[in-house]
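Set out below in structure tokens:
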């Protein structure tokens, strides 16, 4: 049976596509070395539109209005600029109610874009641009450690990793966040209150990596301007031992937290990247595996949720679980030596 | 070319779901079509594979192992037709429910008339209505354009205008859609279905034709103020959804090619089967199908002259699970739980399960939570679907579930339940059927596959249905009555074919069963007390022939609507007792 793969790897080749939400200009060059904060592409986006029905305002036919309209597509208009003037002794002008760019003219109407904002796409990870996606973005390659998470607040940043844990379930509290952590990416176990998230913002922190978060804090976490990445799930889960080991042993290194939203269709997942110097390109991680004895796995459902183990054997046929459900299962040896039976659908391969 | 019954012996049906892909083989055994076996594999619409054809091939490969027949060639393509060496199949049909919900904007002239019809049409498939526009919309056209630009709908469904009626108002509504489409990059422009005033076809082509990815027309769904006819538009929409999926998900085009262009959305295929059954049975009661899947809960109702279909992604048990809280509360869900579970644990569960929709409950506590959620989702789905059932259908009380015979149920949470009693109690709680009905579990999720197979071979569904491929849970008697807990509300005598008899004295608040094996029938004589109504009229009893099933004849004496005790300890005890009575553990 095909197995989902969750990446927690000490050294691997990481290739990531970075694309604009709408088409624009790619500013990066092929083979360019980039840092996470480098802008690789940019575009403009108008959130609002103004539709001026010139024909109706002048009380004339659309064809007649078209002949009176003075602006053309792509004209940049200032607020109050004259768009058309009616005929007659007391001709009234039609003016642009605000500044904007003309995007369509016709049928006696003028459509303008207004409130344009600039969108800058940053590299997000340090590495080399290996491909340009025209008008869209770039593909960047780097080498280093990779730890995928299960939830992210959509932000991205980099900084030195500061380990504030004594154990994988250490609760982070505001009093642990002092000024020495300014600009750091903080590694913690659990966050149980909004004050801690606020305190990290006030430092400001460059990122927060935690094992689990209370669902009631998700709205607050989304508001934070620094990236928050959750490695294991919701409630009071400890960090899985594989992620904890890799992160805690890389404290004081520069890390990038790309806490992007999990999208099961594109494959986008929140992730921590620990760039490492290498003499040659390491292998890329496997995206698909078949369940087989010897593979390292992580549990995705109670009673052993989050625990790491290895497959001893795949049970033949269907196994009846304590819930009464029957499913194809595997015998799993946990890190504490205990052996348990777990349905395959509740497992993911770590690697 | 559709194959005829004479040349088509074996039929392979593939259902590509959000979580699993099933390949099901039907073949002729002793002159009649039979369900042979099914192979299952995880669906592969999502990353990292992002190609639904791969999951389909894996499911067929698993089916091959089970039936010992070669179905895939060396390049993993389906072998058609059947070869001289016995490999391959004659016909292939496919249904699809995988994929993200299609972001949709509905447009209609009048809010309570054409807009309502457009909404009903849109809810017959896997869509999420992001915005609606009508003449009563207070927004200016530029604000509507902003909304469309922000939402980026993949589908716009437009209704309005009686045939040959006024067209200016429709033009006004179409303008923002045309302009917003013009502003979008070509590949992001929505597919548009116009199901309004048929005389406006040319004007619609002018206003949005060149600006949408594809513009489709269907007969007017509201040809007059009093008439609604959604069926032809629903057929068109079903095909449009497949085309949208082709753009969204790799492999859909290949599967459609394999099926000879006969791929259907799973829900539409289910509805086709329900409509077929309602014609075959011709019962004065309706036929109900519920399918609780990872992408949506689908409720299809077949009535004498009309069928309804409601696809409800908001009540699915997959990645949208957290969204259930937009429609209910944690406390409401926990009311269905047989175990004492805190709202915090439930909230964590909803979020965690959304991450991993394909995972299953391994512990009793996990199962209790998942079953409680499924009950609430099904209850809410039924309440929503009921609103669009036709008027004047058979019922005991208008505010209760109408009379159905039979009720068919499928989907992971029902077909995977370890004991049929567990599934039955979930259905009794969620649907709250009334009167006398048969409950049938579609353990292999065959119903949509039979619906799509019907387009290729109309004998197959009938013969498979009669072959016992579905599990009859039994006949359920649910009196509508109000009484005190423990009061007698119904006495019944079941006379078996061998002359034996069994009696029951049903008390309010209890569930009782009388054994009647699958395939057997018996005469059930019912005497009601306290004005109870089982469909013969208030206070009236009667005698009917009933069919057996896994649980025989089940009497649900809990009253309708179901009113669970407020005291949590007593409530949980009762749920455990009801579960135990039905053998659900």
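Residue numbers (our numbering), protein chains in the order written: chain A, 14 to 364; chain B, 7 to 591.
Built from N, CA and C at the ideal position, the CB exists for glycine as well.
Bear in mind that the values here come from a model prediction, so they are computed numbers and not experimental data.
Determine the closest residue to residue i out of the options, with distance taken between C-alpha atoms.
i                     : options                    : result
residue 122 (chain A) : A:146, A:33, A:96          : A:96
residue 234 (chain A) : A:327, A:257, A:209        : A:209
residue 306 (chain B) : B:330, B:393, B:151        : B:393
residue 266 (chain A) : A:259, A:287, A:99         : A:287
residue 147 (chain A) : A:111, A:157, A:31         : A:31
residue 202 (chain A) : A:253, A:153, A:19         : A:253
residue 513 (chain B) : B:497, B:58, B:20          : B:497
residue 128 (chain A) : A:152, A:119, A:111        : A:111
residue 92 (chain A)  : A:126, A:21, A:164         : A:126
residue 176 (chain B) : B:185, B:330, B:210        : B:210
residue 299 (chain B) : B:224, B:397, B:290, B:387 : B:387
residue 136 (chain B) : B:110, B:148, B:263, B:326 : B:110
residue 501 (chain B) : B:149, B:559, B:372, B:427 : B:559
residue 322 (chain A) : A:330, A:305, A:335, A:329 : A:305
residue 260 (chain A) : A:69, A:356, A:23          : A:23
Rounded to whole angstroms, what's the CA-CA distance from residue i to residue j? Just pull it up for me.
i                     : j                     : result
residue 458 (chain B) : residue 41 (chain B)  : 15 Å
residue 228 (chain A) : residue 204 (chain A) : 11 Å
residue 537 (chain B) : residue 127 (chain B) : 40 Å
residue 63 (chain A)  : residue 196 (chain B) : 21 Å
residue 28 (chain B)  : residue 49 (chain B)  : 9 Å
residue 161 (chain A) : residue 224 (chain A) : 11 Å
residue 598 (chain B) : residue 44 (chain A)  : With chain B covering only 7 through 591, there is no way to say anything about residue 598 (chain B).
residue 265 (chain B) : residue 101 (chain B) : 10 Å
residue 337 (chain A) : residue 589 (chain B) : 12 Å
residue 184 (chain A) : residue 420 (chain B) : 40 Å
residue 410 (chain B) : residue 553 (chain B) : 15 Å
residue 361 (chain B) : residue 243 (chain A) : 12 Å
residue 345 (chain A) : residue 562 (chain B) : 43 Å
residue 83 (chain A)  : residue 108 (chain A) : 11 Å
residue 480 (chain B) : residue 524 (chain B) : 8 Å
residue 10 (chain B)  : residue 460 (chain B) : No answer about residue 10 (chain B) holds up, because its pLDDT of 43 lies below 50 and its placement is not dependable.
residue 149 (chain A) : residue 332 (chain A) : 49 Å
residue 214 (chain A) : residue 125 (chain B) : 44 Å
residue 294 (chain A) : residue 18 (chain A)  : 21 Å
residue 325 (chain B) : residue 238 (chain A) : 26 Å
residue 226 (chain A) : residue 248 (chain B) : 38 Å
residue 164 (chain A) : residue 272 (chain A) : 7 Å
For residue i, report the span of its beta strand (DSSP E) as first-last.
i                     : result
residue 282 (chain B) : Residue 282 (chain B) -> not in any beta strand (DSSP E); alpha helix (DSSP H) instead, spanning 272-287.
residue 306 (chain B) : 303-308
residue 122 (chain A) : 122-135
residue 188 (chain B) : From DSSP, residue 188 (chain B) is part of no beta strand (DSSP E) but of the alpha helix (DSSP H) over 174-189.
residue 529 (chain B) : 527-534
residue 58 (chain A)  : 52-66
residue 106 (chain A) : 106-108
residue 48 (chain B)  : 38-48
residue 1 (chain B)   : There is simply no residue 1 (chain B) to check, as chain B begins at 7 and stops at 591 in what is shown.
residue 29 (chain A)  : 21-32
How would you write the range of the alpha helix (DSSP H) that residue i sits in, first residue to last?
i                     : result
residue 59 (chain B)  : 58-73
residue 211 (chain B) : 207-214
residue 331 (chain A) : Unbroken run through residue 331 (chain A): none, as it is neither H nor E.
residue 355 (chain B) : 349-361
residue 255 (chain A) : 254-261
residue 206 (chain A) : Residue 206 (chain A) -> no alpha helix (DSSP H), and no H or E assigned at all.
residue 582 (chain B) : 574-587
Uninterrupted beta strand (DSSP E) stretches inside the segment 91-148 of chain B (no shorter than 3 residues): Taken in chain order, the complete beta strand (DSSP E) segments of 3 residues or longer contained in the segment 91-148 of chain B are 97-102, 108-113, 133-139.
Do the segment 338-356 of chain A and the segment 28-39 of chain B meet, that is, are 3 or more Cβ pairs less than 8 Å apart? no
Are there three or more Cβ pairs, one per stretch, closer than 8 Å when the segment 167-181 of chain A is compared with the segment 210-221 of chain A? yes
Quick one: any contact between the segment 354-371 of chain B and the segment 393-402 of chain B, if contact means 3 or more CB pairs under 8 Å? Too few Cβ pairs lie closer than 8 Å, so no.
Taking contact to mean at least 3 C-beta pairs separated by less than 8 Å, is the segment 449-458 of chain B in contact with the segment 274-285 of chain B? yes
Decide yes or no for the touch test of the segment 576-584 of chain B against the segment 469-476 of chain B: beta carbon pairs closer than 8 Å, at least 3 of them. no
Is the segment 98-111 of chain A touching the segment 36-50 of chain A in the sense that three or more CB pairs, one from each, lie closer than 8 Å? no
Is the segment 367-378 of chain B touching the segment 252-269 of chain B, taking contact as three or more C-beta pairs under 8 Å? no
For the segment 51-66 of chain B and the segment 273-286 of chain A, state whether three or more C-beta atom pairs, one from each stretch, are separated by less than 8 Å. yes
Whole beta strand (DSSP E) elements within the segment 283-308 of chain A, 3-residue minimum: 284-288
With contact counted as at least three CB pairs below 8 Å, one residue from each stretch, are the segment 71-89 of chain A and the segment 113-122 of chain A in contact? yes
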